[in-house]
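K.L.:
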Amino acid sequence: MKRRAFITLLGGAAATWPIAARAQQVAMPVIGFLRSASIEQAQHMLDGLRRGLKEAGYVEGHNVGIDVRSAEGDRKRVPALLSELIGRRVALIVCNNVAAQVAKATINTVPIIFVFGGDPVKEGLVTSINRPEGNITGVTFLTSSISAKRFELLRELVPQSTTTGVLIDPSSAPSTLELKDIEAAAGALSREIVVGQATSVGDFKPVFTNFVERGVGCVLVGGGPLLSNQRAAIVALARRHGLPDAHQLREAVEIGGLMSYGSSQTDAYRQAGLYAGRILSGARPADLPIIYPSRFELVINLKTAKALGLVVPQSLQVAADEVIE
Numbered sequence: 166m167k168r169r170a171f172i173t174l175l176g177g178a179a180a181t182w183p184i185a186a187r188a189q190q191v192a193m194p195v196i197g198f199l200r201s202a203s204i205e206q207a208q209h210m211l212d213g214l215r216r217g218l219k220e221a222g223y224v225e226g227h228n229v230g231i232d233v234r235s236a237e238g239d240r241k242r243v244p245a246l247l248s249e250l251i252g253r254r255v256a257l258i259v260c261n262n263v264a265a266q267v268a269k270a271t272i273n274t275v276p277i278i279f280v281f282g283g284d285p286v287k288e289g290l291v292t293s294i295n296r297p298e299g300n301i302t303g304v305t306f307l308t309s310s311i312s313a314k315r316f317e318l319l320r321e322l323v324p325q326s327t328t329t330g331v332l333i334d335p336s337s338a339p340s341t342l343e344l345k346d347i348e349a350a351a352g353a354l355s356r357e358i359v360v361g362q363a364t365s366v367g368d369f370k371p372v373f374t375n376f377v378e379r380g381v382g383c384v385l386v387g388g389g390p391l392l393s394n395q396r397a398a399i400v401a402l403a404r405r406h407g408l409p410d411a412h413q414l415r416e417a418v419e420i421g422g423l424m425s426y427g428s429s430q431t432d433a434y435r436q437a438g439l440y441a442g443r444i445l446s447g448a449r450p451a452d453l454p455i456i457y458p459s460r461f462e463l464v465i466n467l468k469t470a471k472a473l474g475l476v477v478p479q480s481l482q483v484a485a486d487e488v489i490e
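Written out as structure tokens, the structure reads:
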């Protein structure tokens with residue numbers, strides 16, 4: 166090959182390479198990550214999603230992208246955010262319950278993976294656990310079904326308390342079942358409960374004031390987006406009033422809560438990442454059964470227990486998956 170021809174060929178290749186690279190980038194599949202709740206408290210969820218994707222062979226920025234959208238607690242914004250993701254032609258959407266409900270009613274061509282703590286059949290997201298229909302599947306971390314166990318563990322931590330405050334969000338669908346489980350557990354253990362309902366952040370202070378006035382000795386915090394996303398405010402109120410508190414998510418204990426018992430939200434999103442990888446590789450959502458948690462974790466904050474004047478039984482310390490000192 167003549168030198169001039171070689172230079173011309175090389176120059177042509179250099180000129181066309183950026184175009185090819187851009188085409189490859191455009192072709193990279195993008196996952197929409199859509200939440201109705203605040204994104205501020207969702208970093209551990211994204212970390213879990215990325216971990217699952219990596220296990221499935223997909224690494225963000227290398228062969229998959231993630232487009233994060235949040236309605237920041239304003240559910241009315243969810244349809245518009247969903248439209249933006251559809252407009253970007255995302256390969257699939259990973260979302261919480263509220264966003265999944267909107268997505269299911271809006272689209273039937275883009276795969277949807279939900280992650281939430283309720284019963285997907287009772288919520289109307291799927292008709293069958295083993296064979297979801299259409300374009301939707303997902304992961305549930307079953308918050309309501311283990312509330313009774315959480316109640317029993319709290320009693321072990323605070324045996325002298327005969328009255329437990331129960332903070333719930335009645336606007337959250339699983340709360341009715343959750344409260345029934347707690348009431349049954351309280352009856353079996355001869356413990357009285359005082360129910361405090363909160364549908365907004367402004368309800369927290371009056372609820373805790375009522376707990377104190379009613380002689381509540383400890384507080385069990387229910388599930389749902391509001392109580393999960395506002396865990397810092399709830400933990401702060403529990404500490405201010407000197408009330409031992411039990412949560413479903415370990416993240417509440419990491420910021421000063423006394424105890425948590427539940428499935429790992431981070432691991433639930435890791436499992437969603439695995440499913441996302443399978444769908445990107447050609448699997449159909451309808452062929453992927455709903456994933457239930459296989460492991461529950463107990464986390465206890467010894468520093469908080471000491472500040473509350475509590476002695477954590479050695480049996481609970483041994484049984485705990487993690488003890489924060």
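Residue numbers (the numbering used here): 166 to 490. We put the beta carbon where it would ideally sit given N, CA and C, even for glycine.
1) What residue from Asn273, Leu290, Pro276, Val477 has the CA that sits closest to Gln266's CA?
2) Which runs of the alpha helix (DSSP H), 4 residues or longer, sit entirely within the region 411–457?
3) Helix, strand or coil: how does DSSP classify Arg234 here?
4) Pull up the distance between the alpha-carbon of Ser113 and that of Ser248, whole angstroms please.
5) Can Arg240 and Val263 be called in contact, C-beta distance under 8 angstroms?
6) What do you get for Gly213, buried or exposed, if any count of 16 or more other CB atoms within 10 angstroms of its CB means buried?
7) Using the C-alpha atoms, what's the distance from Lys345 back to Gly352?
8) By DSSP, does Glu490 sit in helix, in strand, or in coil?
9) Span of the beta strand (DSSP E) holding Arg200?
10) Roughly how many angstroms lie between the CA atoms of His209 and Glu378, to the nearest whole one?
11) Determine the extent of the alpha helix (DSSP H) in which Gln482 is found, giving its start and end residues.
12) If you run the structure through DSSP and keep just helix, strand and coil, what is Thr329?
13) Look at the Cβ atom of Leu318, then the Cβ atom of Met424, and state whether they are nearer than 8 angstroms.
14) If distances are taken between C-alpha atoms only, which option among Ala338, Thr328, Gln413 comes closest to Asn375?
15) Over the uninterrupted beta strand (DSSP E) stretch that includes Gln362, give me the two end residues.
16) When you compare only the Cα positions, how much space is there between Pro183 and Arg404?
17) From Asn261 to Leu391, what distance separates their C-alpha atoms?
18) Here's the rule: buried if 16 or more other CB atoms are within 10 angstroms of the residue's CB, otherwise exposed. What is Glu220?
19) Return helix, strand or coil for Ile258, following the three-state DSSP convention.
20) Measuring CB to CB, does Val372 end up less than 8 angstroms from Leu475?
21) According to DSSP, is Ala472 part of a helix, a strand, or is it coil?
22) What are the partner residues of Leu463, as DSSP defines its beta bridges?
23) In the structure shown, what three-state DSSP assignment does Val117 receive?
24) In whole angstroms, what is the alpha-carbon distance linking Val222 and Thr302?
P.N.:
Reading off the structure:
1) For the purposes of this step, residue 266 is taken as residue 101 along the sequence shown, with counting starting at 1. Distances from the CA of Gln266 to each of Asn273, Leu290, Pro276, Val477 were compared; the closest alpha carbon is that of Leu290.
2) Listed in chain order, they are 415–419, 430–445.
3) The residue labelled residue 234 in the question sits at position 69 within the sequence shown. Arg234: strand per DSSP, three-state reduction.
4) Outside the displayed range of the chain (166 to 490) lies residue 113, so it cannot be described from this structure.
5) Indexing the sequence shown from 1 puts residue 240 at position 75. Indexing the sequence shown from 1 puts residue 263 at position 98. Yes; because the gap between Cβ atoms is below 8 angstroms, this pair is in contact.
6) On the sequence shown, position 48 is the one that residue 213 refers to. With a threshold of 16 other beta carbon atoms within 10 Å, Gly213 meets it and is buried.
7) Taking the sequence shown and counting its residues from 1, one reaches residue 352 at position 187. Taking the sequence shown and counting its residues from 1, one reaches residue 345 at position 180. Between Gly352 and Lys345, the alpha-carbon positions lie close to 11 angstroms from each other.
8) Residue numbering aside, residue 490 sits at position 325 when the sequence shown is read from its first letter. Reduced to three states, the DSSP call for Glu490 is coil.
9) Here residue 200 is taken as the residue at index 35 of the sequence shown, counted from 1. Annotation: the continuous beta strand (DSSP E) that includes Arg200 extends over 195–200.
10) Walking along the sequence shown from the start, residue 209 turns up at place 44. Walking along the sequence shown from the start, residue 378 turns up at place 213. About 36 angstroms.
11) If you number the sequence shown from 1, residue 482 lands on position 317. Counting along the chain, the alpha helix (DSSP H) containing Gln482 begins and ends at 479–484.
12) The sequence position of residue 329 within the sequence shown is 164, counting from 1. Thr329: strand per DSSP, three-state reduction.
13) Within the sequence shown, the letter at position 153 stands for residue 318. Within the sequence shown, the letter at position 259 stands for residue 424. Going by C-beta atoms, Leu318 is nearer than 8 angstroms to Met424.
14) As a working mapping, residue 375 is identified with position 210 in the sequence shown. Of the listed residues, the one whose Cα sits closest to Asn375 is Thr328.
15) Counted from its first residue, the sequence shown places residue 362 at position 197. First-last of the beta strand (DSSP E) with Gln362: 357–362.
16) If you number the sequence shown from 1, residue 183 lands on position 18. If you number the sequence shown from 1, residue 404 lands on position 239. Residue placement at Pro183 cannot be trusted, given a pLDDT of 42 that sits under 50; what the coordinates show is reported in the next sentence. The C-alpha of Arg404 is placed about 57 angstroms away from the C-alpha of Pro183.
17) Position 96 of the sequence shown, counted from the first residue, corresponds to residue 261. Position 226 of the sequence shown, counted from the first residue, corresponds to residue 391. Between Asn261 and Leu391, the C-alpha separation is close to 13 angstroms.
18) For the purposes of this step, residue 220 is identified with residue 55 of the sequence shown, where counting begins at 1. Burial call: exposed.
19) Position 93 of the sequence shown, counting from 1, holds the residue named residue 258. Of the three classes helix, strand and coil, the one that applies to Ile258 here is strand, per DSSP.
20) Working through the sequence shown from its first residue, we reach residue 372 at position 207. Working through the sequence shown from its first residue, we reach residue 475 at position 310. Between Val372 and Leu475, the C-beta spacing is not below 8 angstroms.
21) As a working mapping, residue 472 is identified with position 307 in the sequence shown. Of the three classes helix, strand and coil, the one that applies to Ala472 here is helix, per DSSP.
22) Counting from one through the sequence shown, the residue named residue 463 turns up at place 298. Under DSSP, Leu463 takes part in a beta bridge, and its partners are Tyr426.
23) Because the chain is modelled from 166 through 490, residue 117 falls outside the range shown and cannot be assessed.
24) As a working note, residue 222 is residue 57 in the sequence shown. As a working note, residue 302 is residue 137 in the sequence shown. Note on identity: in this sequence residue 222 is Gly, with Val being the wrong assignment. Each residue's alpha carbon lies about 20 angstroms from the other.
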